[in-house]
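Numbering (UniProt numbering), first residue to last: 1 to 1213.
Here a beta-carbon is modelled for each residue, glycine too, at the ideal position from N, C-alpha and C.
Here you go:
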């Protein structure tokens, strides 16, 4: 029988192929409203497919011709193949039939028997007819018997299978019985509501097995008057709910209503081709898969089939005309499987979109260019289309090109060039066509012969007419490769607006690709490729206002590359930029700003290449990734992609006709949209767990690791039990919604562990948990489809992690009892021990009590002694709380201030002062010096009870009393001390002045004598004279220092402040001190550039300070060394002048008192260096009174660095 079958097929093949061309010419349509996509997610191989099934969970099962069985979840496939060494594998790799029974069990009909898929172990159980005949194992179709079993069409007869008993019952042809099966070669079966079975035979038509019998009735399909043996070769059958039997034969489709007479059967007008599969989708629409005529869809109203075939000009047409299986999944996708080119899918739920392929292939143009660059009105349901092959007039209703104008050098009035970049149709006026070689005008659009007039604009770049926009009446605006042009239609004159870098009011960019004159008469222009931002032209002045992207200004335009402009019915101006949509906002004061829609929840960062408004005011945005419908008032955003049936790679061409139909052009045709009819699938996705792994080991194959137990199959698990040692597991999941799987979203949580749902995208479809504590958990996951519709149910699996034995309840009770016993034993031992210790402790307590009594007496004695010391102290001693209220005062204090103890207690200390010193005291105790030393001193005027004032020296320190901060104030009346100091100072001043006059005469006389004025002195006399002169000068310096110190302390020193250049001050210092340094064998150097700033100082006092620092540096530096002056500036606006020596340095002990009066490191009479010990004291006072500061630090190279620092000012020229 097999040999006979293959011979018949080869004999019929030639005739079938002969009819193919005729079939295509009659049925094929180049304007397929269905957009087919290759299912690339299956991998690189294009599966040769024979059967399809979607199970109740939502998985797609794919039976192939020779590659086994695949299960697909939208992202990954799992492959099942036959293995000669594995009895649990498929019995054969050719899968012709797939069936799911009422219990959700998957049955597979192969070329070598029947197989049942075991979900829990991910393998198969094989079933073979008992006869062992090879033909009976070739299964072509499986149908339910309406009960628990099913019928099988095989090439060895009709078989019934009882899954419970695993029993085959065979109904075969018996030559001796006329009511037996007509032939054993069966390809298809159908079961009616009564339980009767229709069997499609080869080549005897159809047989009917009456319910409950083994008798068959025979029905020959062809007509005896017009015999056609191909009609009796039945390849497929479908019995619809109305009792209509659709019979797919080797030569088309025959319809017969089973309730009527057989003679009423009729052939349906279809292409002459084998019908491999007849299928009804979820809407009841009948589809037919043919061998050579593609896919057929039944139009019930027209009573005929519409054909979908492979078209070379349409990459989204059917990939192959050899279709073997059809499936309509629950999400609305139609799956079409072919033998040679894999599987293609199309969305049946997407409505309102129509794909149009305008240009048909023919002998002269086998691969026409269907890239649509621009669209314009043609009137009466027609539109003008432009691309790189000229311009054409297209009739939308008939899908026919009525006229096609091309460039032709040999034809007068032909289009100037085929590269058409723009078109514009004036109302009741000419057609304007912008090419790469000028502007073309066609006045008569009714004739087939074109008479174009070509207008040039003086340069190659200006003849590139990128865009044409209507202006005021009689005006066109042209965007060219070099400029913006205003063209006067009546006069033919034009004016160019060029970009001039020297003119800020000129066009910002050379090229112009988009133009809009809005309803207010404002002209906007932008460029998609050369940037420049958005320009607004003032047509009266010819000046442009530029709007550029400014990263620092959120209200600026989002990008400088402008690809589209549009004004909606409410007068709002929309700008399509390279990174998204902008709205122009004009405030009441005329300022212009931009609102962006770049967030993911809004439009997002998509390049907007075209914008149109529909009749409801919604914006339709064309992007390189698809279409976006945006409601500006409500904020609603809907996205449409290839899976919705639209064309791809939109070029920027758009148009809305008078009926509100929108047209968008692309590289492979265009899409017509009827916005009011647009519908998309809102079917929530089915959800399934696709894998569970424990320590990266999958549980699919029924052999979990030790300590792991899974109830139910991996794809429908009930409970997962894992030990704590194995508590690293992952759960993978998938939304079985195939419209756009990459846009499906997920949310999961582990109840008992996760507080909230964890949301992930399609690339992260797994959840991993590690080191969970023992307990019971529930893993839950839900999903949303590409439109954000969430699944109705949540997929879940219980997770149980049993505790280890030491974590169990019984073990804890045992440990509790054991602990209680141990504690009781310890208690008894402890009581005995405590009893023994009690007597000893009582003895110790008595001894300790005696010691405490004695210690208390000592403490009382110490307190009385301290009180006596305080009361008998010569100075006033007070204590205050943290608010400076007096808590105690000794007798000296009461006598000093003249208050009684009761009156002074609780009194604020400020009341004993001539002025409120509370803030001054707070500042002192908050200072770093107080924190370091723990005390501070200050002088202040105090007041007695009788109101008399006296000057006091206050010593302040703190202490803690019961955790509260308090203060001790020691007050000493220094009125008499200050009087004595003033007398001393006056005495020193008087003596200094009295000594200064005779000393000056003595110095002068000695100087003349040593200088030889009175004649040359003997050597010994000259030496004695020089010693006398040096001591006189030293005494003079001492007197000067004493006088300066007296003036400073008496605050009588005057300062002549001036703003002087720093360079001049430093130069004077160097000049005046250079001779002194040279006498000591030391040189003075400037170690850095002098900043160009000024200082506000007294020049004489500044020179005095610097002279002191330089003289000290020179005196203590070795001979032949350099004393360096370095100048630095800081961020606070100060200049620092540093004097750097290489002397012996300053000891740590002397560092603390170096600026005190009469301080010298070597104070002996035999010291090597002379000095009074007042120089640095005076220098410090002078610097601070000139708003500066002075200091020093060790030189890392040896020696000391002294510095003064002053505020710096700009030099006034």
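message: So if DSSP puts residue 377 in a beta bridge, which residue, or which two residues, is it bridged to?
response: The residue given as residue 377 occupies position 377 in the chain shown. 383.
message: Going by C-alpha to C-alpha distance, which of 1140, 1178, 1180 sits closest to residue 1202?
response: As a first step, residue 1202 is located in the chain shown; it is residue number 1202 there, counting from the start. Closest by alpha carbon: 1140.
- prompt: In chain order, what residues of the same chain lie with their CB nearer than 7 Å to the CB of residue 886, ignoring the 5 residues before and after it?
  reply: One-based indexing of the chain shown puts residue 886 at position 886. In the same chain as residue 886, and ignoring 5 residues on each side of it, the C-beta atoms closer than 7 Å to its own belong to 878, 880, 904, 905, 906, 907, 909, in chain order.
query: When DSSP labels each residue in this structure, what does residue 843 get in the three-state scheme?
result: Stepping through the chain shown from its first residue, residue 843 is reached at position 843. It is helical.
query: So, using beta-carbon positions, are residue 192 and residue 199 closer together than 7 Å?
result: Working through the chain shown from its first residue, we reach residue 192 at position 192. Working through the chain shown from its first residue, we reach residue 199 at position 199. Result no, Cβ atoms of residue 192 and residue 199 do not sit closer than 7 Å.
message: I need the DSSP call for residue 1207, collapsed to helix, strand or coil.
response: Taking the first residue of the chain shown as 1, we reach residue 1207 at position 1207. Of the three classes helix, strand and coil, the one that applies to residue 1207 here is strand, per DSSP.
field: Cβ-Cβ distance between residue 562 and residue 534 below 7 Å
entry: As a first step, residue 562 must be located in the chain shown, where it is residue number 562. As a first step, residue 534 must be located in the chain shown, where it is residue number 534. Yes. Within cutoff.
- request: Tell me whether residue 1123 sits in a helix, a strand or coil according to DSSP, three-state version.
  value: Counted from its first residue, the chain shown places residue 1123 at position 1123. Strand at residue 1123.
Distance between residue 1189 and residue 1206 (C-alpha atoms, nearest Å): For the purposes of this step, residue 1206 is taken as residue 1206 along the chain shown, with counting starting at 1. For the purposes of this step, residue 1189 is taken as residue 1189 along the chain shown, with counting starting at 1. Using only the alpha carbons, I get a separation of about 7 Å.
query: Is the beta carbon of residue 382 sitting closer than 7 Å to the one on residue 672?
result: Walking along the chain shown from the start, residue 382 turns up at place 382. Walking along the chain shown from the start, residue 672 turns up at place 672. No, the pair does not count as a contact, with Cβ atoms beyond the cut-off.
- prompt: Start and end of the alpha helix (DSSP H) containing residue 904?
  reply: Locating residue 904 in the chain shown gives position 904, where the first residue counts as 1. Residue 904 -> alpha helix (DSSP H) spans 901-904.
task: Write down the C-beta distance between residue 222 and residue 232 rounded to the nearest angstrom, noting that I regard them as a contact closer than 8 Å.
output: Within the chain shown, the letter at position 222 stands for residue 222. Within the chain shown, the letter at position 232 stands for residue 232. The pair is a contact, with the Cβ atoms about 6 Å apart (cut-off 8 Å).
message: So the candidates are 141, 189, 202; which of them puts its Cα closest to the Cα of residue 246?
response: Here residue 246 is taken as the residue at index 246 of the chain shown, counted from 1. Among 141, 189, 202, the Cα nearest to that of residue 246 is on 189.
query: Does the separation of the CB atoms of residue 586 and residue 606 fall below 7 Å?
result: As a first step, residue 586 must be located in the chain shown, where it is residue number 586. As a first step, residue 606 must be located in the chain shown, where it is residue number 606. It is not a contact, given that the beta carbons lie outside the stated cut-off.
message: I'd like to know if residue 427 contacts chain B, where contact means its C-beta is closer than 7 Å to some C-beta of that chain.
response: Of the protein chains in this structure there is only one, and it is not chain B.
Sufficient close CB pairs (3 or more, under 8 Å) joining the segment 934-947 to the segment 861-873: no
field: Stretch pair the segment 344-362 + the segment 746-756: three plus CB contacts closer than 8 Å
entry: no
task: Kindly identify the DSSP beta-bridge partner or partners of residue 244.
output: Position 244 of the chain shown, counting from 1, holds the residue named residue 244. Answer is 257, bridged to residue 244.
message: Given this structure, state the Cα-to-Cα distance separating residue 108 from residue 343, to the nearest angstrom.
response: Start at 1 with the first residue of the chain shown, and residue 108 comes out as number 108. Start at 1 with the first residue of the chain shown, and residue 343 comes out as number 343. Distance between the alpha carbons of residue 108 and residue 343: 19 Å.
- prompt: Going along the chain, which residues of its own chain have a beta-carbon closer than 8 Å to the beta-carbon of residue 488, five neighbours each way excluded?
  reply: Stepping through the chain shown from its first residue, residue 488 is reached at position 488. Only residues of its own chain outside the window of five on either side were considered, and among them 474, 475, 494 have a CB closer than 8 Å to the CB of residue 488, listed in chain order.
field: Outcome for residue 826 when other beta-carbon atoms lying within 10 angstroms are tallied against a minimum of 16
entry: One-based indexing of the chain shown puts residue 826 at position 826. Under this definition residue 826 is an exposed residue.
message: Once DSSP output is grouped into helix, strand and coil, what is the label at residue 1193?
response: The residue given as residue 1193 occupies position 1193 in the chain shown. Residue 1193 falls in the strand class under three-state DSSP.
task: Go to residue 1110, then tell me how far its alpha helix (DSSP H) extends in each direction, as first and last residue.
output: As a first step, residue 1110 is located in the chain shown; it is residue number 1110 there, counting from the start. Where residue 1110 is concerned, the enclosing alpha helix (DSSP H) stretches over 1099-1116.
query: Is residue 611 near residue 665, with beta carbons less than 7 Å apart?
result: On the chain shown, residue 611 is found 611 positions in, with the first residue counted as 1. On the chain shown, residue 665 is found 665 positions in, with the first residue counted as 1. It is not a contact, given that the beta carbons lie outside the stated cut-off.
message: Alpha carbons only, please: which of 151, 58, 714 is nearest the one belonging to residue 798?
response: As a first step, residue 798 is located in the chain shown; it is residue number 798 there, counting from the start. Looking at the Cα atoms, 714 is the closest of the given residues.
task: Reducing DSSP to helix, strand and coil, say where residue 82 ends up.
output: Walking along the chain shown from the start, residue 82 turns up at place 82. Of the three classes helix, strand and coil, the one that applies to residue 82 here is strand, per DSSP.
query: Beta-carbon separation of residue 1127 and residue 1090 under 7 Å?
result: To locate residue 1127, count along the chain shown from 1; it is residue 1127. To locate residue 1090, count along the chain shown from 1; it is residue 1090. Contact: yes.
- request: State the DSSP-derived secondary structure class of residue 493, mapped to helix, strand or coil.
  value: Taking the first residue of the chain shown as position 1, residue 493 is located at position 493. In this structure, residue 493 counts as coil in the three-state DSSP scheme.
- request: Check whether the Cβ atoms of residue 325 and residue 283 lie closer than 7 Å to each other.
  value: Counting from 1 along the chain shown, the entry for residue 325 is found at position 325. Counting from 1 along the chain shown, the entry for residue 283 is found at position 283. Not in contact: residue 325 and residue 283 (Cβ atoms no closer than 7 Å).
query: Of the residues 389, 508, 399, which one's Cα is nearest the Cα of residue 367?
result: Position 367 of the chain shown holds residue 367. From the listed residues 389, 508, 399, the smallest Cα separation to residue 367 is found for 389.
- request: Give a yes or no on whether the C-beta atoms belonging to residue 396 and residue 405 are separated by under 7 Å.
  value: Position 396 of the chain shown holds residue 396. Position 405 of the chain shown holds residue 405. Between residue 396 and residue 405, the C-beta spacing is not below 7 Å.
field: First through last residue of the beta strand (DSSP E) which encompasses residue 671
entry: Looking up residue 671 in the chain shown gives position 671. Per DSSP, residue 671 belongs to the beta strand (DSSP E) from 669-673.
- prompt: Between which two residues does the beta strand (DSSP E) harbouring residue 610 extend?
  reply: The count along the chain shown starts at 1 and reaches residue 610 at position 610. 608-613 is the span of the beta strand (DSSP E), which, as asked, contains residue 610.
- request: Could you tell me if residue 1217 is buried or exposed, where buried requires 16 or more neighbouring beta carbons within 10 angstroms of its beta carbon?
  value: What is shown of the chain runs 1 to 1213, which leaves residue 1217 out entirely.
query: Exposed or buried, which one is residue 862 when buried takes at least 16 other CB atoms within 10 Å?
result: The count along the chain shown starts at 1 and reaches residue 862 at position 862. Label assigned to residue 862: exposed.
query: Roughly how many whole angstroms lie between the Cα atoms of residue 1119 and residue 1211?
result: Translated into positions along the chain shown, residue 1119 becomes position 1119. Translated into positions along the chain shown, residue 1211 becomes position 1211. Near 37 Å, if we compare the C-alpha coordinates of residue 1211 and residue 1119.
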